[in-house]
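A short write-up of the structure that comes next.
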Amino acid sequence: MLKSYELIKKIKDNVLLVKNFKDEQLIVKVYPKNNNEYSTIYLHEIKALEKLFHPNVVKIERSEEDEDYYYLLFKFIQGETIYSAFRNLNNDKEKYRFLKTINKILDALNYIHLNNYTHNDIKPNNIIVNYNKEPFILDFGTATISNTITKSVSELSLWYASPEQKNNLDVDLRSDFYSLGITIIETLVEEQLFHKFIENKISIEKLIDSIAFFADGKNEELINILKQMTYEDRSHRFDNAKEIITRINNILSFFNFENEYELNLSETVKNQLIEDYNKYPWDILEFINEKLNNEIKYIEYGKDKEDRKQVKICTKDLVFYCGIKSNDHFYVVGYSQRVPDSIKQNGHILEDKFILSEGHPLSKYNSTDELINKLIRLDKKETKEKEERKEKKDFLTKTVKQLKIERAILDKKNISLYAFTKDIKKAKKEFTAKVINQSNIKIRKEHLKSTIEEKLVHKLFDDGFIDDPNNQDLLKLLNSLIENFFFENNKNDIAKKLSIIQKKEQEVVKNILISKYEEIKSNMKKLEFNASLLFFMYPEYLIKQKEEDKFFEQNDDVIVEGVNKKNKFTQKCYIQNINIIKKEINLKHDNEISKIPDEIKISFDYARNSGVLNKQEYSINDLKSNNTIIDNLLGKISNPNSLAPKREIPKIDIDTLINKRLDENQKEAVEKALSLEMGEYLVIQGPPGTGKTTVITEIIQQILKRNKLAKILVTSQSNQAVDNVLEKICENENKIVRFGNDKSKFSNTALKYHEESVFYSYLQEIKKRLESDNTNYFLKGEKLDSLHKKWKSTILQGDDELKTLLFKKIRVIFGTLVGISSWQDFRSIEFDYIIVDEAGRATLPELMIPLRKAKKFILVGDHQQLPPIVDNTVLSKMTDYNKKDLETTLFEELYKKIEHNDFKHFLKYNYRSHSSIAKLYSEVFYDGNIETKDDLVREHQLDFEKKVYLYSTSNIEDKFDKQIGTGKINDANKKVIIKILEELQLNATKCDKYKSVGIITPYLVQRDNLRSSIGQLKSKFDKLDIAINSVDAFQGSDRDIIIYDMVRSQSDSKVNIDFIADEKRLNVALSRTKELLFLVGDVKFIYSCNVKEGDNPFKKIIELINQNKDYYEIKEVIYE
41 MLKSYELIKK IKDNVLLVKN FKDEQLIVKV YPKNNNEYST IYLHEIKALE
91 KLFHPNVVKI ERSEEDEDYY YLLFKFIQGE TIYSAFRNLN NDKEKYRFLK
141 TINKILDALN YIHLNNYTHN DIKPNNIIVN YNKEPFILDF GTATISNTIT
191 KSVSELSLWY ASPEQKNNLD VDLRSDFYSL GITIIETLVE EQLFHKFIEN
241 KISIEKLIDS IAFFADGKNE ELINILKQMT YEDRSHRFDN AKEIITRINN
291 ILSFFNFENE YELNLSETVK NQLIEDYNKY PWDILEFINE KLNNEIKYIE
341 YGKDKEDRKQ VKICTKDLVF YCGIKSNDHF YVVGYSQRVP DSIKQNGHIL
391 EDKFILSEGH PLSKYNSTDE LINKLIRLDK KETKEKEERK EKKDFLTKTV
441 KQLKIERAIL DKKNISLYAF TKDIKKAKKE FTAKVINQSN IKIRKEHLKS
491 TIEEKLVHKL FDDGFIDDPN NQDLLKLLNS LIENFFFENN KNDIAKKLSI
541 IQKKEQEVVK NILISKYEEI KSNMKKLEFN ASLLFFMYPE YLIKQKEEDK
591 FFEQNDDVIV EGVNKKNKFT QKCYIQNINI IKKEINLKHD NEISKIPDEI
641 KISFDYARNS GVLNKQEYSI NDLKSNNTII DNLLGKISNP NSLAPKREIP
691 KIDIDTLINK RLDENQKEAV EKALSLEMGE YLVIQGPPGT GKTTVITEII
741 QQILKRNKLA KILVTSQSNQ AVDNVLEKIC ENENKIVRFG NDKSKFSNTA
791 LKYHEESVFY SYLQEIKKRL ESDNTNYFLK GEKLDSLHKK WKSTILQGDD
841 ELKTLLFKKI RVIFGTLVGI SSWQDFRSIE FDYIIVDEAG RATLPELMIP
891 LRKAKKFILV GDHQQLPPIV DNTVLSKMTD YNKKDLETTL FEELYKKIEH
941 NDFKHFLKYN YRSHSSIAKL YSEVFYDGNI ETKDDLVREH QLDFEKKVYL
991 YSTSNIEDKF DKQIGTGKIN DANKKVIIKI LEELQLNATK CDKYKSVGII
1041 TPYLVQRDNL RSSIGQLKSK FDKLDIAINS VDAFQGSDRD IIIYDMVRSQ
1091 SDSKVNIDFI ADEKRLNVAL SRTKELLFLV GDVKFIYSCN VKEGDNPFKK
1141 IIELINQNKD YYEIKEVIYE
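Dropping the structure here:
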């Protein structure tokens, strides 16, 4: 290694001063590899120094090694020890600088301590002060690890070492305060006095009392600080460095001077100022001084055109350009009354004073380096804060953190509960389980007394309860004993054990236990009985605790098993509702169940949930490690503007379109998709009803038409979205296949193309061909004929290899983002195109599962509609992120970042709603960019004059909502909605029309409230097909008529309405209708409410409805 460097001098046996080929001086620390202690020191110091970045901790430049040695290379700090630098403190300025330097050292120590490290060898030689009085801590890490290994103080300087270090005790951050305190004391006292302290001739207290830093009472404060830093008993020392910094700052406040910097004017600048401000020569300095020190000052440090250091100082109407000729003043070389905006943007506002001088400099103020260093630190801080803000919003950083939290939550959910079944409803495929106290029948880690696991296993063996004490997992063993009816199988051994504990005869104990056991009819009670026995028999090993039971959450997937081993019952369910107070769980199942056992064990389906999370984790790891078909995919989605804009996008001749009804905007989207090259992607935003599926279908058909070998994957988070495209494509293309495990979520058409159906049809076709094929393709002979028959038989068996060959030839493949990975050959496939529908709802890990395999991809979605669902538990643990951050998807990030329209597109024509309805949600949510063509007919043909009605309940008495659980209901709104339905029914009957009606409400309890009341009146509404649901359930669908229930109404308009005022949810609700829209709610209340972030969207909606009376109307509800 040293061949690359020139040795300047040997400082210690393992410390060298060298220079490289650039003549840069470096310190090299050498650690032999054959010395385990030094190897450990090396590895520790590497780890510590690479982790820590502080301006006052010496930075490792790099590390190297050869066969015999490790080498650490540090920047060489030109300077002197803190003792030498501040040995002569002759004036207040020097004392001030000394205390400021100590605070910088303390700040560095605080940083080290906050990162769970200590220095352990603070002394003058390990604190170098450069010529700008900037301190640097050296040798961090070495002493810590050395002392840990050797338990020796031989390498420490005894007079700087803390008492605990001298006595080979554990150290902590207070040990560093002691050493720094001694270092400060040595600098401030007479040399001969310090030698007496080293020789134990005077105490540390007397040494400190001899300090005369100040001539007045301020000296006592410094003495008290040093005494508290160096107490023998560390419990009396400061608890952290910040406390010491605060105390020293109190001393600094006693100094009567501020930071003042001299600006020495050139003759040219002075004359220019006199002329511009029309002042006398003797007045100009005072005038400019007053401007500089009474107005806001922006100060920026940088380089001039000649690459020389330069400081710019500006007020609102002047700027000084200052060079640095000396350490004690700035030289003003230029001046202007035109202040560049860049100085105000990049500069820092400082309170420091500037003193103007002319001719010979005064040279009595703060050094120029102090100001420059301050500006450099502020620049670094600002840069770091910008990077941190960027990192906070960075989708990959956010995703990695979120996945870690989801993994931790998932691991915590991995529990089992025991319960009795009740309220079994076979028709609804649901039942309720009453959970018993888990801690009575399940032994966990916290029940074990510390360090006894192996002893208890051997005790169970000695007592005859297990056959083999070796390689046993104690918790599994104990819970296995409980579940296998411990007492029933081991009566004699248990009676023998308990007879000793209770000092009764074995037979008497046995009879008592058998009597109790025979009374127990429930398997569950037997489990509790067994657990209680174990706690009673082994109190020296097990401790029963009073604790809260862990519980499941709504929508968790679980596995239900019978407790009785003879009844082999297993069923997958999901949790519909929970009541933690009653300890009741309502479970739903998809399959028919003839009989559910009375006693069940409910276990979280960890394998299923973990499997999905595993796939997401692998996808992100592949993205980070560039294990993707598109080279540097991470870079391309992080910086989408790195994609080179195209000179020209080839146009498609209208005659070559498959769907001739495509509008010019949709056609342009198809053209952009077809122009993509390897490694490129397109992001298409499609608002409601603008024909996303139509565009996707045309893109696929055009690709297949142009490239007979192209392989396309169509995917989405939603099964419905995947099947919508499949149903369009299968009309013209039969070489398609649909992958996915849960066929219950497939459409009927998609089921025909499920992988099993496609493969079965393929086998049947081959079978017919082979069975009718009697040709002998081989030479005559029995052996060859036998081989031919065997070959035909193998093919007919339909093995995985044949399946692989088949699916590799299929051109269009369908599957959900996660579900597609269930295809056994997915990892080995590359796709020419991957098209993701509803990409605005997909998270980055979900997207990356397929996108790793893409040569080009197209994301289609709308970030103004429903975002991904954010788990509240995850959100609570995602510090530095809010809900909006977690709802922001890659789709939204890309669409907003992309500058070149070649790689993004907005579908602008509405084909769903009447133009006046589309205009309403276009103005509120899409900046008015959605248009409707004149030929779109969306007339309801009922006796309603308007297209949008807002029914206001503001003037009725019973308008307020009520809290039900975590939701809200509003009976007044319900009455209004029923009135609207009655009016619709009357109109539909009169006009002989049949209308589909969607009633959308933000709250599930209000949904159920509406369903209950309207369901009883169903026979009255024979002309209406009524669906009542939440916003989420309606995304992707539409109705002739929509009634939106706002629910919220209170007397206080300061209440939080953020949930219903969520723009994306509201957009989905209003854009589901084709012909007629009703909104119901307390208009005055909703209009006057504010939201935490942004504007209340209801305000704009209400204002637009009020303004456009041709199509919209506000109707006041009045009950007599």
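The sequence shown: position 675 = 715 (our numbering), numbered continuously.
Ideal Cβ positions, reconstructed from N, Cα and C, are used throughout, including at glycine.
(request) Using beta-carbon positions only, say whether residue 48 and residue 58 come within less than 8 Å of one another. (result) Contact flag set, yes.
(message) Distance check for residue 1107 and residue 965, CA to CA, integer angstroms please.
(response) Near 7 Å, if we compare the C-alpha coordinates of residue 1107 and residue 965.
(message) In this structure, how does DSSP classify residue 354 when only helix, strand and coil are distinguished?
(response) Look at residue 354 here: in three-state DSSP terms it is strand.
(message) If contact is defined by three or more beta carbon pairs under 8 Å, each pair taking one atom from either stretch, is the region 852 to 861 in contact with the region 629 to 645?
(response) The region 629 to 645 vs the region 852 to 861: no contact.
(request) Taking residue 175 as part of the beta strand (DSSP E), name the residues at either end of that continuous run. (result) Unbroken beta strand (DSSP E) run through residue 175: 175 to 177.
(message) Can you check whether the C-beta of residue 727 is within less than 8 Å of a C-beta belonging to chain B?
(response) The chain inventory of the structure shown lacks chain B, comprising one protein chain alone.
(message) By the three-class DSSP mapping on this structure, what secondary structure does residue 1121 have?
(response) Residue 1121 falls in the strand class under three-state DSSP.
(request) Give the secondary structure of residue 1031 by DSSP, where H, G and I count as helix, E and B as strand, and everything else as coil. (result) Looking at residue 1031 - three-state DSSP - the assignment turns out to be helix.
(request) Using beta-carbon positions only, say whether residue 445 and residue 914 come within less than 8 Å of one another. (result) Taking C-beta atoms as the reference points, residue 445 and residue 914 count as a pair closer than 8 Å.
(message) So the candidates are 525, 228, 323 and 150; which of them puts its Cα closest to the Cα of residue 282?
(response) For residue 282, the nearest C-alpha among the options comes from 150.
(request) Grab me the residues of residue 656's own chain with a C-beta within less than 6 Å of its C-beta, minus the 5 sequence neighbours each way, in chain order. (result) So the qualifying residues of the chain are 885.
(message) Quick check on the DSSP output: the beta strand (DSSP E) that includes residue 679 runs from which residue to which?
(response) Annotation: residue 679 is outside any beta strand (DSSP E) and is labelled neither H nor E by DSSP.
(request) List the endpoints of the continuous alpha helix (DSSP H) containing residue 1164. (result) Here the chain comprises residues numbered 41 to 1160, so residue 1164 is not present and cannot be evaluated.
(message) Let's test the definition: count the other Cβ atoms within 10 Å of the Cβ of residue 1105 and tell me whether it reaches 16, buried, or not, exposed.
(response) Counting of Cβ neighbours within 10 angstroms places residue 1105 among the buried residues, the total reaching 16 or more.
(message) With a threshold of 8 Å, are at least 3 pairs of Cβ atoms found where one atom belongs to the region 671 to 684 and the other to the region 639 to 650?
(response) No, because fewer than three Cβ pairs between the region 671 to 684 and the region 639 to 650 fall closer than 8 Å, the two stretches do not touch.
(message) So if DSSP puts residue 1003 in a beta bridge, which residue, or which two residues, is it bridged to?
(response) Its beta-bridge partners are 1008.
(request) Enumerate in chain order the residues of its own chain whose CB-to-CB distance from residue 378 is below 8 Å, with the five nearest sequence positions on each side excluded. (result) Closer than 8 Å at the Cβ level, and outside the excluded window around residue 378, lie 359.
(message) Below 8 Å, how does it come out for the region 971 to 981 and the region 994 to 1002: are there three or more Cβ pairs, yes or no?
(response) The answer is no - the region 994 to 1002 does not touch the region 971 to 981, with fewer than three Cβ pairs under 8 Å.
(request) Classify residue 964 as helix, strand or coil using the three-state DSSP reduction. (result) Here residue 964 sits in helix by DSSP.
(request) With residue 307 as the anchor, note down where its alpha helix (DSSP H) starts and where it stops. (result) Per DSSP, residue 307 belongs to the alpha helix (DSSP H) from 307 to 317.
(request) Quick one: using the 10 Å Cβ neighbour count with 16 as the cut-off for buried, is residue 725 buried or exposed? (result) A residue is called buried when at least 16 other Cβ atoms come within 10 angstroms of its Cβ; residue 725 meets this threshold and is buried.
(request) Report yes or no: do the region 901 to 915 and the region 778 to 792 share at least 3 C-beta pairs separated by less than 8 Å? (result) A contact between stretches requires three or more CB pairs, one per stretch, nearer than 8 Å, and the region 901 to 915 fails this requirement with the region 778 to 792.
(request) Specify the secondary structure class of residue 136 as computed by DSSP and reduced to three states. (result) Here residue 136 sits in helix by DSSP.
(request) Please confirm whether residue 341 and residue 262 have their CB atoms less than 8 Å apart. (result) Remark: C-beta atoms of residue 341 and residue 262 do not approach each other more closely than 8 Å.
(message) Helix, strand or coil, according to DSSP, for residue 68 in the structure here?
(response) Note: residue 68 maps to strand in three-state DSSP.
(message) Let me make sure I understand the geometry here. Which of 338, 336 and 361 has the alpha-carbon closest to that of residue 345?
(response) Residue 361 is the option with its Cα nearest to residue 345.
(message) I'd like the span of the beta strand (DSSP E) that includes residue 854, first residue to last.
(response) Element bounds for residue 854: 852 to 856.
(message) By the DSSP assignment, the alpha helix (DSSP H) with residue 557 in it spans what residues?
(response) First-last of the alpha helix (DSSP H) with residue 557: 546 to 559.
(request) Compute the beta-carbon to beta-carbon distance between residue 628 and residue 470, rounded to the nearest angstrom, for a pair I have assumed lies under 8 Å. (result) The Cβ separation is near 5 Å, so the contact holds.
(request) Would you mind giving the Cβ-Cβ distance between residue 19 and residue 1087, rounded to the nearest angstrom? I have them listed as a contact below 8 Å. (result) The chain is shown from 41 up to 1160; residue 19 falls before or after that span and cannot be answered.
(request) Select from 506, 498, 152 and 275 the residue whose C-alpha is nearest the C-alpha of residue 178. (result) The residue with the shortest Cα to Cα distance from residue 178 is 152.
(message) Please return the same chain residues whose Cβ sits closer than 8 Å to the Cβ of residue 1189, not counting the five positions on each side in sequence.
(response) An answer regarding residue 1189 cannot be provided, because it is not within the stretch 41 to 1160 covered by the chain.
(request) Taking only runs that begin and end inside the region 898 to 971, name each unbroken beta strand (DSSP E) of 3 or more residues, in chain order. (result) Counting only runs of 3+ residues, the beta strand (DSSP E) found wholly inside the region 898 to 971 occupies 944 to 946, in chain order.
(request) Please determine, among 1113, 205, 265 and 755, the residue with the shortest C-alpha to C-alpha distance to residue 143. (result) Out of 1113, 205, 265 and 755, 265 has the C-alpha closest to the C-alpha of residue 143.
(message) Please classify residue 893 as buried or exposed, where buried requires at least 16 other C-beta atoms within 10 Å of its C-beta.
(response) Residue burial is scored here from C-beta neighbours: residue 893 has at least 16 other C-beta atoms within 10 angstroms and is therefore classed as buried.
(request) Specify, as a first and last residue, the run of the beta strand (DSSP E) that residue 610 falls within. (result) Its beta strand (DSSP E) spans residues 610 to 619.
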